[in-house]
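K.L.:
Structure in structure tokens, see below.
In the working numbering, the protein residues as written are 121 to 167.
Next up, the structure:
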């Protein structure tokens, strides 16, 4: 199973790449919030 720190590191790499590709920090933050909600939903938590 992937550790929490490994997930955080991977999300950081993805977010950095998204900002570089799009040049839009706000769009990247919105995408992160969307993913966070999906993960919490899958985990059975309420976002």
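All C-beta atoms, glycine included, are put in the ideal place defined by N, C-alpha and C. The structure presented is a predicted model; accordingly, all values stated were derived computationally and were not measured.
(1) Is DSSP giving residue 132 helix, strand or coil here?
(2) In three-state terms, what does DSSP make of residue 163?
(3) When you compare the CB positions of residue 215 and residue 139, do they come within less than 9 Å of one another, or not?
P.N.:
Quick look at the numbers:
(1) Taking the chain shown and counting its residues from 1, one reaches residue 132 at position 12. Helix at residue 132.
(2) As a working note, residue 163 is residue 43 in the chain shown. Three-state result, residue 163: coil.
(3) There is simply no residue 215 to check, as the chain begins at 121 and stops at 167 in what is shown.
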